[in-house]
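Per the working numbering: the sequence shown ends with 1015, consecutive numbering throughout.
Here the structure is laid out as C-alpha coordinates; the discussion comes afterwards.
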Amino acid sequence: MACLLLVTACSAKSETALPDGPALLKRSAEAMGTVKTVAFTIETKDKPAVPVRHAEGSLTRAGDAKGTLQIEIVGLQEIEFVLVGDKVYFKGPTGGFQTMTRQQLVALYDPSAVLTGVPGLLSTAQDAQPQAEEKLGDATAYRLTATLTQQALAKLVPGVQQNVTGTLWIDKASGRLLKLDLPLTGGSVAVTLGDYDAPVTVAPPAS
(Lines of atoms letter the chains of each structure in order from A and count residues from 1; the text may use other names and numbers.)
(Lines give C-alpha, C1' and ligand atoms only; values in the text may rest on other atoms or scores of the structure.)
Protein backbone atom coordinates (compact mmCIF):
# COMPACT_ATOMS: atom_id res chain seq x y z
CA MET A 1 0.00 0.00 0.00
CA ALA A 2 2.85 2.37 0.87
CA CYS A 3 4.46 1.70 -2.50
CA LEU A 4 1.15 2.27 -4.28
CA LEU A 5 0.67 5.58 -2.50
CA LEU A 6 4.23 6.58 -3.33
CA VAL A 7 3.79 5.77 -7.02
CA THR A 8 0.49 7.64 -7.12
CA ALA A 9 2.01 10.66 -5.42
CA CYS A 10 4.98 10.67 -7.79
CA SER A 11 2.69 10.38 -10.82
CA ALA A 12 0.58 13.29 -9.61
CA LYS A 13 3.68 15.35 -8.99
CA SER A 14 5.03 14.58 -12.47
CA GLU A 15 1.77 15.64 -14.11
CA THR A 16 1.47 18.90 -12.19
CA ALA A 17 5.13 19.73 -12.97
CA LEU A 18 4.23 20.59 -16.56
CA PRO A 19 3.58 24.30 -17.09
CA ASP A 20 0.30 25.77 -18.28
CA GLY A 21 0.11 25.52 -22.08
CA PRO A 22 -0.94 29.09 -22.96
CA ALA A 23 1.57 30.50 -20.48
CA LEU A 24 4.32 28.38 -22.03
CA LEU A 25 3.48 29.65 -25.51
CA LYS A 26 3.37 33.25 -24.27
CA ARG A 27 6.80 32.87 -22.66
CA SER A 28 8.17 31.31 -25.84
CA ALA A 29 6.76 34.06 -28.05
CA GLU A 30 8.43 36.67 -25.86
CA ALA A 31 11.74 34.77 -25.86
CA MET A 32 11.69 34.41 -29.65
CA GLY A 33 11.10 38.12 -30.00
CA THR A 34 14.53 38.86 -28.49
CA VAL A 35 16.59 36.41 -30.60
CA LYS A 36 19.47 38.02 -32.51
CA THR A 37 20.61 35.10 -34.69
CA VAL A 38 19.52 31.53 -35.30
CA ALA A 39 20.39 28.50 -37.40
CA PHE A 40 17.42 26.76 -38.99
CA THR A 41 16.51 23.62 -40.90
CA ILE A 42 13.23 22.93 -42.66
CA GLU A 43 12.79 19.34 -43.81
CA THR A 44 9.87 17.60 -45.47
CA LYS A 45 8.98 13.92 -45.15
CA ASP A 46 7.18 12.15 -48.00
CA LYS A 47 5.36 14.67 -50.22
CA PRO A 48 3.35 17.32 -48.38
CA ALA A 49 1.70 19.92 -50.62
CA VAL A 50 4.29 22.66 -50.03
CA PRO A 51 6.92 23.91 -52.51
CA VAL A 52 9.88 24.06 -50.10
CA ARG A 53 11.41 20.59 -49.75
CA HIS A 54 14.45 21.52 -47.71
CA ALA A 55 15.99 24.72 -46.39
CA GLU A 56 18.83 25.35 -44.00
CA GLY A 57 20.97 28.27 -43.05
CA SER A 58 21.71 31.05 -40.61
CA LEU A 59 19.71 34.21 -40.08
CA THR A 60 20.10 37.54 -38.29
CA ARG A 61 17.46 39.72 -36.67
CA ALA A 62 18.12 42.33 -39.38
CA GLY A 63 16.89 39.81 -41.96
CA ASP A 64 20.22 38.94 -43.56
CA ALA A 65 20.59 35.22 -44.21
CA LYS A 66 22.69 32.58 -45.95
CA GLY A 67 22.00 28.97 -46.71
CA THR A 68 20.57 26.51 -49.20
CA LEU A 69 17.07 25.94 -50.49
CA GLN A 70 15.41 23.08 -52.36
CA ILE A 71 12.13 24.18 -53.90
CA GLU A 72 9.67 22.79 -56.44
CA ILE A 73 9.59 25.23 -59.38
CA VAL A 74 8.99 23.32 -62.60
CA GLY A 75 10.91 20.46 -61.03
CA LEU A 76 13.12 20.42 -57.96
CA GLN A 77 15.58 23.31 -57.88
CA GLU A 78 18.48 23.56 -55.45
CA ILE A 79 19.72 27.05 -54.70
CA GLU A 80 22.51 28.46 -52.55
CA PHE A 81 21.61 31.96 -51.38
CA VAL A 82 23.11 34.92 -49.55
CA LEU A 83 20.62 37.62 -48.57
CA VAL A 84 22.18 40.97 -47.63
CA GLY A 85 19.92 43.99 -47.26
CA ASP A 86 17.71 44.21 -50.35
CA LYS A 87 19.97 42.10 -52.57
CA VAL A 88 20.05 38.33 -52.95
CA TYR A 89 22.99 36.43 -54.38
CA PHE A 90 22.03 32.96 -55.58
CA LYS A 91 23.38 30.11 -57.65
CA GLY A 92 22.33 26.65 -58.71
CA PRO A 93 24.40 23.46 -58.75
CA THR A 94 26.49 24.85 -61.64
CA GLY A 95 27.67 28.31 -62.58
CA GLY A 96 28.41 31.36 -60.48
CA PHE A 97 26.29 33.67 -58.37
CA GLN A 98 23.55 35.76 -59.91
CA THR A 99 21.46 38.43 -58.21
CA MET A 100 17.80 39.13 -57.54
CA THR A 101 15.96 41.47 -55.20
CA ARG A 102 14.74 40.51 -51.75
CA GLN A 103 11.17 40.90 -53.03
CA GLN A 104 11.83 38.31 -55.75
CA LEU A 105 13.17 35.81 -53.22
CA VAL A 106 10.33 36.48 -50.79
CA ALA A 107 7.86 35.60 -53.55
CA LEU A 108 9.37 32.09 -53.42
CA TYR A 109 10.47 31.83 -49.80
CA ASP A 110 11.21 34.32 -47.03
CA PRO A 111 13.94 32.99 -44.71
CA SER A 112 13.55 35.98 -42.37
CA ALA A 113 10.13 34.60 -41.35
CA VAL A 114 11.97 32.00 -39.27
CA LEU A 115 12.53 34.83 -36.78
CA THR A 116 9.90 37.42 -37.61
CA GLY A 117 7.04 34.95 -38.02
CA VAL A 118 7.59 32.63 -35.07
CA PRO A 119 6.48 35.00 -32.28
CA GLY A 120 3.17 35.55 -34.10
CA LEU A 121 2.81 31.83 -34.73
CA LEU A 122 3.17 31.13 -31.01
CA SER A 123 0.98 34.04 -29.96
CA THR A 124 -1.94 32.95 -32.13
CA ALA A 125 -1.73 29.22 -31.33
CA GLN A 126 -4.78 27.70 -29.64
CA ASP A 127 -5.59 24.69 -27.46
CA ALA A 128 -2.04 24.20 -26.17
CA GLN A 129 -1.68 20.82 -24.48
CA PRO A 130 1.62 20.11 -22.67
CA GLN A 131 2.52 16.44 -22.97
CA ALA A 132 5.92 15.78 -21.44
CA GLU A 133 9.28 17.07 -20.35
CA GLU A 134 11.99 15.33 -22.37
CA LYS A 135 15.47 15.60 -23.81
CA LEU A 136 15.88 17.01 -27.29
CA GLY A 137 19.53 16.80 -28.23
CA ASP A 138 21.44 18.43 -25.38
CA ALA A 139 18.46 20.46 -24.18
CA THR A 140 15.60 19.70 -21.83
CA ALA A 141 12.36 20.67 -23.51
CA TYR A 142 8.63 20.75 -22.95
CA ARG A 143 6.75 18.90 -25.68
CA LEU A 144 3.24 20.12 -26.39
CA THR A 145 0.62 20.13 -29.10
CA ALA A 146 -1.23 23.22 -30.30
CA THR A 147 -3.46 24.33 -33.16
CA LEU A 148 -1.49 26.70 -35.39
CA THR A 149 -3.26 29.06 -37.77
CA GLN A 150 -2.83 28.77 -41.53
CA GLN A 151 -2.09 32.48 -41.83
CA ALA A 152 0.81 32.35 -39.37
CA LEU A 153 2.12 28.99 -40.62
CA ALA A 154 2.22 30.06 -44.27
CA LYS A 155 4.81 32.72 -43.42
CA LEU A 156 7.12 30.04 -42.07
CA VAL A 157 6.22 27.22 -44.46
CA PRO A 158 4.75 28.61 -47.71
CA GLY A 159 1.95 26.56 -49.21
CA VAL A 160 0.23 25.49 -45.99
CA GLN A 161 -3.49 25.72 -46.73
CA GLN A 162 -5.15 24.96 -43.39
CA ASN A 163 -4.82 25.21 -39.64
CA VAL A 164 -2.56 22.44 -38.33
CA THR A 165 -2.32 20.72 -34.96
CA GLY A 166 1.44 20.63 -34.60
CA THR A 167 3.87 19.34 -32.01
CA LEU A 168 6.28 21.86 -30.49
CA TRP A 169 9.37 21.47 -28.35
CA ILE A 170 10.16 24.51 -26.21
CA ASP A 171 13.43 24.83 -24.31
CA LYS A 172 12.79 24.60 -20.58
CA ALA A 173 15.59 26.98 -19.63
CA SER A 174 15.23 29.75 -22.23
CA GLY A 175 11.67 29.38 -23.51
CA ARG A 176 12.92 29.35 -27.11
CA LEU A 177 11.35 27.13 -29.73
CA LEU A 178 13.61 24.20 -30.59
CA LYS A 179 11.49 22.19 -32.99
CA LEU A 180 8.13 22.22 -34.72
CA ASP A 181 6.59 19.16 -36.38
CA LEU A 182 3.65 19.70 -38.74
CA PRO A 183 1.55 16.80 -40.07
CA LEU A 184 0.19 17.80 -43.49
CA THR A 185 -1.74 16.08 -46.24
CA GLY A 186 0.71 13.80 -48.03
CA GLY A 187 3.50 14.07 -45.48
CA SER A 188 4.95 16.35 -42.83
CA VAL A 189 7.30 19.27 -42.30
CA ALA A 190 9.80 19.61 -39.45
CA VAL A 191 11.36 22.96 -38.51
CA THR A 192 14.42 22.78 -36.26
CA LEU A 193 16.05 25.83 -34.66
CA GLY A 194 19.35 26.12 -32.82
CA ASP A 195 22.66 27.97 -32.31
CA TYR A 196 20.72 30.87 -30.84
CA ASP A 197 22.59 34.19 -30.75
CA ALA A 198 25.80 32.63 -32.09
CA PRO A 199 27.98 35.02 -34.11
CA VAL A 200 26.80 35.09 -37.74
CA THR A 201 28.42 37.03 -40.57
CA VAL A 202 26.47 37.43 -43.78
CA ALA A 203 28.41 39.12 -46.58
CA PRO A 204 28.19 39.21 -50.37
CA PRO A 205 30.08 36.27 -51.93
CA ALA A 206 33.49 36.91 -53.39
CA SER A 207 33.41 37.69 -57.10
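For each residue, glycine too, the CB sits at the ideal point set by N, CA and C.
The structure presented is a predicted model; accordingly, all values stated were derived computationally and were not measured.
Could you check whether G875 and G883 sit closer than 8 angstroms to each other, using their CB atoms as the reference points?
Taking the first residue of the sequence shown as position 1, residue 883 is located at position 75. Taking the first residue of the sequence shown as position 1, residue 875 is located at position 67. G875 sits away from G883, with the two beta carbons spaced by 8 angstroms or more.
Does the beta-carbon of D1003 have 16 or more other beta-carbons within 10 angstroms, so that it is buried, or is it exposed?
Residue numbering aside, residue 1003 sits at position 195 when the sequence shown is read from its first letter. With fewer than 16 other beta carbons inside 10 angstroms of its own, D1003 counts as exposed.
Assign A863 to buried or exposed, taking buried as 16 or more other Cβ atoms, counted over all protein chains shown, within 10 Å of its Cβ.
Working through the sequence shown from its first residue, we reach residue 863 at position 55. Burial call: buried.
If you follow the alpha helix (DSSP H) that L913 is in, where does it begin and where does it stop?
The count along the sequence shown starts at 1 and reaches residue 913 at position 105. Bounds of the alpha helix (DSSP H) holding L913 are R910 to L916.
Taking the CB atoms as reference points, tell me whether L833 and A954 lie closer together than 8 angstroms.
For this step, residue 833 is matched to residue 25 along the sequence shown. For this step, residue 954 is matched to residue 146 along the sequence shown. Yes, the pair counts as a contact, with Cβ atoms nearer than the cut-off.
Compute the distance between the beta-carbons of P938 and L826, then report whether it is under 8 angstroms.
For the purposes of this step, residue 938 is identified with residue 130 of the sequence shown, where counting begins at 1. For the purposes of this step, residue 826 is identified with residue 18 of the sequence shown, where counting begins at 1. If you check the CB distance, P938 and L826 come in under 8 angstroms.
Could you give the uninterrupted runs of the beta strand (DSSP E) lying entirely in the segment 837 to 867, keeping only those of 3 residues or more?
Segments of the beta strand (DSSP E) lying fully in the segment 837 to 867: 845 to 854.
According to DSSP, G995 sits in a beta bridge with which residue or residues?
The sequence position of residue 995 within the sequence shown is 187, counting from 1. In the DSSP output, where bridge partners are listed per residue, G995 has D854 and L992.
Return the chain-ordered ranges of every beta strand (DSSP E) run that is complete within the segment 949 to 1008 and spans a minimum of 3 residues.
Along the segment 949 to 1008, the beta strand (DSSP E) occurs as fully enclosed runs of 3 or more residues at 972 to 979, 985 to 992 and 995 to 1002, listed in sequence order.
For M809 and A940, what's the separation of their Cα atoms in angstroms?
By one-based count along the sequence shown, residue 809 stands at place 1. By one-based count along the sequence shown, residue 940 stands at place 132. At M809 the pLDDT is 48, less than 50, meaning the model places this residue with poor confidence and gives no usable figure here.
For Q906, collect the residues of the same chain with a Cβ closer than 8 angstroms to its Cβ; drop the 5 residues on either side in sequence, then sort them by chain order.
Translated into the one-based positions of the sequence shown, residue 906 becomes position 98. Closer than 8 angstroms at Cβ, skipping near neighbours: Y897, F898 and K899.
Residues of its chain near V965, where Cβ-Cβ distance is below 8 angstroms and the 5 sequence neighbours each way are ignored:
Within the sequence shown, numbered from 1, the residue matching residue 965 stands at position 157. Only I850, V858, V860, L990, V997 and V999 meet the Cβ criterion.
Considering only the alpha carbon of each residue, which of Q970, R835, G871 and G829 lies closest to P856?
In the sequence shown, residue 856 corresponds to position 48, counting from 1. P856 has its Cα closest to that of Q970, out of Q970, R835, G871 and G829.
Check each candidate in L891, G994, T932 and V846 and name the one with the smallest Cα separation from P1012.
As a position in the sequence shown, residue 1012 is number 204, starting the count at 1. Looking at the Cα atoms, L891 is the closest of the given residues.
Close-in-space but distant-in-sequence residues of the same chain around D894 (CB under 7 angstroms, 5 per side omitted)
Taking the sequence shown and counting its residues from 1, the one referred to as residue 894 is at position 86. Contacts found: T909 and R910.
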